[in-house]
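Engineer: Top to bottom, those sequences are chains A and B.
For what it's worth, UniProt numbering labels the leading residue of the first sequence as 1, then goes sequentially.
For what it's worth, UniProt numbering labels the leading residue of the second sequence as 1, then goes sequentially.
The C-beta atom is built at its ideal place from N, Cα and C for all residues, glycine as well.
Just so you know, these numbers come straight off a predicted model, no measurement behind them.
First the structure, then my questions, so here it is.
2 protein chains.
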Amino acid sequence: MNIHDVAKRSGLSVVTVSRVINNSPTVREANRQKVLKAMEELNYQPNSAAQSLVRGKTGIIGMSITNLNDSFYDRVIKVANRKLADQGYFLALSISENEGEGDINNFLFQRDRVDGIILLSPIEEEQYVAELKKKKIPFILLDNQYEHDDVSSVVVDNFQGGYDATKHLLDLGHTRIAHIGGPTIFLSAAERKRGYMKALADAGLTPFAIEYSGFTVSSGYEVAKKWIREDALPTAIFAGDDFIALGVVHALREEGVRVPQDLSVVGFDDQQLAGEFYPRLTTVRQPEAQMAGIGVDLLLRQINGQMEAPTVTKLSPKLLVRESTAYLKQS
Amino acid sequence: MNIHDVAKRSGLSVVTVSRVINNSPTVREANRQKVLKAMEELNYQPNSAAQSLVRGKTGIIGMSITNLNDSFYDRVIKVANRKLADQGYFLALSISENEGEGDINNFLFQRDRVDGIILLSPIEEEQYVAELKKKKIPFILLDNQYEHDDVSSVVVDNFQGGYDATKHLLDLGHTRIAHIGGPTIFLSAAERKRGYMKALADAGLTPFAIEYSGFTVSSGYEVAKKWIREDALPTAIFAGDDFIALGVVHALREEGVRVPQDLSVVGFDDQQLAGEFYPRLTTVRQPEAQMAGIGVDLLLRQINGQMEAPTVTKLSPKLLVRESTAYLKQS
DNA sequence: CTGAAAGCGCTAACAC
DNA sequence: GTGTTAGCGCTTTCAG
């Protein structure tokens, strides 16, 4: 069942049918109706492989992701999905579980499967970028780690986020401020820590303590417990992300340390849950919507050949003051 | 740059090149090498639109999802991804934010874009099923709500899950057992509640209290707070899912009610976080791996025309006893 | 405003 | 083993 069947049934030529499919204005209204009717009766849908072949484009944008279970990704993806739909593109997500080579042969990474690709927080970034460049597939990077020649990307200023979070704690009168950082292989984690250090230095202070952990509740929990055991608690903690922060708060409460009365905690990312547990977490929200929006624009412009020089956009995160931070107790 | 260029460069015909691409054994080794070399030098990749067109298949399986931020989905998706990859298929995810009509024209829902579709916990199920049937696209349902003629699906026995969870509480000596159910428009929520009712009835008991809430921490929290305010606390609570349960535990602890010493709580889904907060939640784990595995098999068999009668597979969930439940305190 | 013809890049008969 | 030919379903000149 193809365009010829429709042509036959409507008594017109395949060309006219094609014109109707593509909303060409140069079709007599009566004929358009005939064609539409035939399409309807035949339950006809144009073959997209054929369309892609002849047009040289697919209308699909691929996005490679590594993780689902996270509010930050969730928001970025949903905004990108909507923006792309507005422009007539579809977003196809592909999970890459960083199993090395296999992934690079992912269906996404074929020039004619997609019109462009968005790499969200890619794991094997260098490798992917090299491959995409080689295959000449238009692409952009979101929340990536490194700079590359000729590649546009949108990142968040994690340094500033770390700085702002720490500054907030300083403004509340805290001086004994500890940090629990995420894995330092992540640039974002390293930057947040750097912001923390700088804010402290600007205030003439030094870190009270620094520990590293995974981006999980349990590892934040462990670190806090350890500090309690060692009786080495600060008065404020800047956690590398909300999961860590949630774990910290949890451990403190178990031990009777009140948040924020006895100890203030700041997280990062504004995870869904950060606003649901009490005290609701003061945190740093990344501008996901902006990130996705700019990223999509950049990619689409590249695809349409309005290829300006590639740009690296750095977005400012925003401190969200809620209930897990308070003025230092006068004692 | 196409197959002809490769043919020219290697000094062989396009057919031979095609054979090499498709690993046909009937190519002289020396020639194969020539072709491979030419492909390499030209950095050639076969055009997949053309391949799809002529083969009548794409090698892509689409999966429609509604939500990312959830461990259950995360696990199902990852297993499906792996299983499909093993069989030479790629999984393309598409988010459908239930905006009504628009979604149905999703790129996934075009016969020749994908070889088959998996609908995971679809929202507008009836509509999607009707559309897919009409378009004659092979598909299966995972964790769906309704039964349909001629459609294979894999679901979890939520009734049994609810029954087992409640039975566990009964076995611990509890008799005052309340339930906080998820939105009853979800069959899964209704079934879990039904299991709860049945277990109680089998023990000659009646529900201590039943409330409904969203599948969120905050709504579980609210319900527990309300019960505390009204001084109407049961000795055990079966929550509709882990988020609700987490909210309940959180509220109870705030009020000095100890879990599990004073009150036992059971959740559902084994969310990532359920095992990270203390007390670690006793919960019901859905067999995601099995679900995805069976679903993929069903779909692939359908695609390959080994079309047995459509089947509805109901999988048993598994109670995970951890630390949020304990024997009823003798008082 | 409409249609005939060519061709997108590839694979599947069918010869040789 | 290898190549010639046809055609997958569609859009795009180019006439008319």
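1. How is the alpha helix (DSSP H) around L93 of chain A delimited, first residue to last?
2. Under 7 Å between beta-carbons, which chain B residues line up against A50 of chain A? List them in chain order, please.
3. Quick check on the DSSP output: what are the complete alpha helix (DSSP H) runs of length 4 or more inside the segment 151–229 of chain B, in order along the chain?
4. If the cut-off is 8 Å on Cβ atoms, which residues from the segment 184–205 of chain B count as contacting chain A, listed in chain order?
5. Taking L263 of chain B as the reference, which of B:L273, B:G173, B:V76 and B:R28 has the closest Cα?
6. Ordered along the chain, which non-local residues of its own chain (more than five positions away) have a Cβ less than 6 Å from that of A165 of chain B?
7. Consider the Cβ of T216 of chain B: report whether some Cβ of chain A lies at a distance smaller than 8 Å.
8. Rounding to the nearest angstrom, what Cα-Cα distance links F109 of chain A and P122 of chain B in this structure?
9. Specify whether the segment 68–76 of chain A and the segment 288–296 of chain A touch according to this definition: at least 3 beta carbon pairs, one from each stretch, less than 8 Å apart.
10. Between Q145 of chain B and E125 of chain B, which are expected to be in contact by the criterion C-beta below 8 Å, what is the C-beta distance as a whole number of angstroms?
11. Exposed or buried, A232 of chain A, counting other C-beta atoms within 10 Å across all chains shown (16 or more means buried)?
12. Are the CB atoms of L169 of chain A and G295 of chain A nearer to each other than 8 Å?
13. What residues in its chain sit with their C-beta under 6 Å from that of I60 of chain B, if we drop five residues either side in the sequence?
14. Inspect the CB distances between the segment 195–205 of chain A and the segment 18–26 of chain B and report whether three or more fall short of 8 Å.
15. Applying the 10 Å Cβ sphere with the 16-neighbour rule, what's the burial state of K167 of chain B?
16. Is there a Cβ from chain A that is less than 8 Å from the Cβ of K83 of chain B?
17. With distance defined between alpha-carbon atoms, name the residue in B:I180, B:L205, B:Q51 and B:G204 nearest to S213 of chain B.
18. Give me the Cα-Cα distance between L300 of chain A and R28 of chain B, rounded to the nearest whole angstrom.
19. Thinking C-beta only, is P310 of chain B closer than 8 Å to D150 of chain B?
20. Nearest by alpha-carbon distance to G293 of chain A: which of A:G220, A:V259, A:V155 and A:M307 is it?
21. Among A:K83, A:D86 and A:I95, which residue has its Cα nearest to the Cα of R82 of chain B?
22. Assign A326 of chain A to one of three DSSP states: helix, strand, or coil.
23. If you pair each beta-carbon of the segment 185–195 of chain B with each one of the segment 220–228 of chain B, do three or more pairs fall below 8 Å?
24. Near G161 of chain A, what residues of its chain come up, given a Cβ to Cβ distance below 7 Å and the 5 sequence neighbours on each side ignored?
25. To which residues of the same chain is A251 of chain A closer than 6 Å at the C-beta, ignoring the five residues directly before and after it?
26. Counting only beta-carbon separations shorter than 8 Å, does S71 of chain B have a partner in chain A?
27. Which value, in whole angstroms, describes the spacing of the CA atoms of residue 412 of chain A and A245 of chain A?
28. Given this structure, state the Cα-to-Cα distance separating T16 of chain B from M39 of chain B, to the nearest angstrom.
29. T235 of chain B and L319 of chain B - do their beta-carbons sit closer together than 8 Å?
30. State the DSSP-derived secondary structure class of A309 of chain A, mapped to helix, strand or coil.
31. Please find out if some non-hydrogen atom of the ligand NAP comes closer than 7 Å to the beta-carbon of R32 of chain B.
32. By the 10 Å Cβ neighbour count, where 16 or more other Cβ atoms means buried, how is K314 of chain A classified, buried or exposed?
33. Contact criterion: CB-CB distance below 8 Å. Does N23 of chain B meet it with respect to chain A?
34. At a Cβ threshold of 8 Å, is D150 of chain B touching chain A?
35. Along the beta strand (DSSP E) that carries V284 of chain B, what are the first and last residues, could you check?
Structural biologist: For this structure:
1. L93 of chain A -> not in any alpha helix (DSSP H); beta strand (DSSP E) instead, spanning F90 to I95.
2. Correct list: L53.
3. 158–171, 187–202 and 217–229
4. none
5. B:G173
6. F238, V266 and V284.
7. yes
8. 28 Å
9. yes
10. With 8 Å as the limit, Q145 of chain B and E125 of chain B qualify as a contact, their Cβ atoms being about 5 Å apart.
11. exposed
12. By the CB criterion at 8 Å, L169 of chain A and G295 of chain A fall outside the cutoff.
13. Excluding its 5 nearest sequence neighbours in each direction, I60 of chain B has C-beta neighbours in its own chain below 6 Å: F90, A92 and V114, listed in chain order.
14. no
15. Residue burial annotation: K167 of chain B is buried, with at least 16 other C-beta atoms found within 10 angstroms of its C-beta.
16. no
17. B:I180
18. One C-alpha to the other measures close to 45 Å.
19. yes
20. A:V155
21. Of the listed residues, the one whose Cα sits closest to R82 of chain B is A:I95.
22. Three-state DSSP puts A326 of chain A in coil, outside helix and strand.
23. no
24. R192, G195, F268, V284 and P317
25. Y221, A224 and K225
26. yes
27. Residue 412 of chain A lies beyond the residue range present for chain A, which begins at 1 and ends at 331; the question has no answer from this structure.
28. Going by the C-alpha atoms only, they are around 12 Å apart.
29. No, the pair does not count as a contact, with Cβ atoms beyond the cut-off.
30. Here A309 of chain A sits in coil by DSSP.
31. Among the components modelled here there is no ligand, and therefore nothing to report on the ligand NAP.
32. exposed
33. no
34. no
35. T283 to R285
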